[in-house]
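J.: Counting with my numbering, you get residues 197 to 411 for the letters of the sequence shown.
Note that the Cβ used here is the ideal one computed from N, Cα and C, for glycine as well.
Quantities reported herein were computed from a predicted structural model and do not represent experimental measurements.
Have a look at the structure that comes next, please.
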Amino acid sequence: MDYIYVRQRTTDNGQQILSVNDVKELLKDWIKLYPNSFAPDVELRIYQHEDDIIIRLHEDMSSLAVALLVLYFDNRQQTTDNGQQSLTTAYVTIDDTEVLLKQNVGKRAMIVGSQQTTEQSSSTSVRFVLDDNYCLDYDFEKRAKPVKDADIAFNEEEINLPENYETVKVGDVIKNTVDKVLEEEGLTHRKMLIYLLCGVIGLSIGFIIVYFMGR
197 MDYIYVRQRT TDNGQQILSV NDVKELLKDW IKLYPNSFAP DVELRIYQHE DDIIIRLHED
257 MSSLAVALLV LYFDNRQQTT DNGQQSLTTA YVTIDDTEVL LKQNVGKRAM IVGSQQTTEQ
317 SSSTSVRFVL DDNYCLDYDF EKRAKPVKDA DIAFNEEEIN LPENYETVKV GDVIKNTVDK
377 VLEEEGLTHR KMLIYLLCGV IGLSIGFIIV YFMGR
């Protein structure tokens, strides 16, 4: 199973930083950034796992897409009053060569944002930690680079997902986005159909006029 584990942090008054609904909205916003990158039936499932949140990823998501999602989550989250932030970690089985080389296909990998391994307040790269503790940094511009003497090790706990979950489906997000744009521009689907029919009729009349004028 490929998934993202959002380890919760709490504010000074004991409140969690992220709720399931917060995660759901973040996922929707992220999908809107890549409207043509995923099939409409791609679905993400969100589980409340004790105090933490788990996002079960669709099997069609590439390692590059997961890395982008980890980076997005880390950079979009607000830090707490005491400077803490929920930690986003992805666990995937490498099945493509978009980021890592072919010899790594089939290996289990942990993906974290670079601010978890440095003192940076924002992240522009991610770190892949393979199940043999081989580490690579990836900045989305060049091939992933090996990291020597990395201070992070692969660690994946066994988890049991609850029965209840929320879903975010790519097709629904894109459809709702298009509908909202049409509504804001005053264009309903009925109006678009009328405009299309008028265009077809106008084009037909134009062809008829040209035809008879040429005779």
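Taking contact to mean 3 or more Cβ pairs, one atom from each stretch, closer than 8 angstroms, check whether the stretch 257-266 and the stretch 280-297 are in contact.
T.: In short, these stretches touch, since the Cβ pair count reaches three.
J.: Of the choices A263, N271, I227 and R272, whose alpha-carbon is the least far from that of Y199?
T.: Against the sequence shown, residue 199 aligns to sequence position 3. Measuring from the Cα of Y199, the nearest candidate turns out to be A263.
J.: Specify, as a first and last residue, the run of the alpha helix (DSSP H) that Y268 falls within.
T.: By one-based count along the sequence shown, residue 268 stands at place 72. It spans S259 to R272 - the alpha helix (DSSP H) in which Y268 sits, taken as one unbroken run.
J.: Are I227 and V266 closer than 7 angstroms when you measure CB to CB?
T.: Along the sequence shown, one-based indexing puts residue 227 at 31. Along the sequence shown, one-based indexing puts residue 266 at 70. No, the Cβ-Cβ distance between I227 and V266 is not below 7 angstroms.
J.: Tell me, please, which residues DSSP counts as bridged to E324.
T.: In the sequence shown, counting from the first residue as 1, residue 324 sits at position 128. Correcting the residue type first, residue 324 is Phe in the shown sequence and not Glu. F324 pairs with I307 and L332.
J.: Which of helix, strand or coil does DSSP assign to E362?
T.: Taking the first residue of the sequence shown as 1, we reach residue 362 at position 166. Of the three classes helix, strand and coil, the one that applies to E362 here is strand, per DSSP.
J.: Quick one: Cα of L326 to Cα of R304, how far?
T.: Counting from 1 along the sequence shown, the entry for residue 326 is found at position 130. Counting from 1 along the sequence shown, the entry for residue 304 is found at position 108. Going from the Cα of L326 to the Cα of R304 covers about 6 angstroms.
J.: With a threshold of 6 angstroms on Cβ separation, who are the neighbours of E362 within its own chain once the five nearest residues in sequence on each side are excluded?
T.: Along the sequence shown, read from residue 1 onward, the residue named residue 362 stands at position 166. Within the same chain, E362 has close Cβ partners V216, K220 and I242.
J.: Using the C-alpha atoms, what's the distance from V369 back to N356?
T.: Along the sequence shown, read from residue 1 onward, the residue named residue 356 stands at position 160. Along the sequence shown, read from residue 1 onward, the residue named residue 369 stands at position 173. N356 and V369: Cα-Cα distance of roughly 28 angstroms.
J.: Could you check if T284 is buried or exposed, using at least 16 other CB atoms within 10 Å of its CB as the buried criterion?
T.: Taking the sequence shown and counting its residues from 1, one reaches residue 284 at position 88. T284 is buried by the Cβ-count criterion.
J.: Apply the 10 Å Cβ neighbour rule to G302 and answer buried if 16 or more other Cβ atoms are within range, or exposed otherwise.
T.: Taking the sequence shown and counting its residues from 1, the one referred to as residue 302 is at position 106. With fewer than 16 Cβ atoms within 10 Å of its Cβ, G302 is classed as exposed.
J.: Sort K338, Y330, Y201 and D333 by Cα distance to D247 and report the nearest one.
T.: Translated into the one-based positions of the sequence shown, residue 247 becomes position 51. Comparing Cα positions, the closest option is Y201.
J.: On the DSSP bridge list, what partners appear for A286?
T.: Here residue 286 is taken as the residue at index 90 of the sequence shown, counted from 1. DSSP output for A286 lists I200 and I307 as bridge partner(s).
J.: If we call anything under 7 angstroms between Cβ atoms a contact, is Y334 one with V322?
T.: On the sequence shown, residue 334 is found 138 positions in, with the first residue counted as 1. On the sequence shown, residue 322 is found 126 positions in, with the first residue counted as 1. Yes, the Cβ-Cβ distance between Y334 and V322 is below 7 angstroms.
J.: Suppose the cutoff is 8 angstroms on Cβ atoms and the five residues either side in sequence are ignored; what does the same chain contact list for E239 look like?
T.: Here residue 239 is taken as the residue at index 43 of the sequence shown, counted from 1. Cβ neighbours of E239 beyond the five flanking positions: H254, T363, V364, K365 and V366.
J.: Would you report the Cα separation of P236 and K298, rounded to the nearest angstrom?
T.: Along the sequence shown, one-based indexing puts residue 236 at 40. Along the sequence shown, one-based indexing puts residue 298 at 102. Cα to Cα, P236 sits roughly 28 angstroms from K298.
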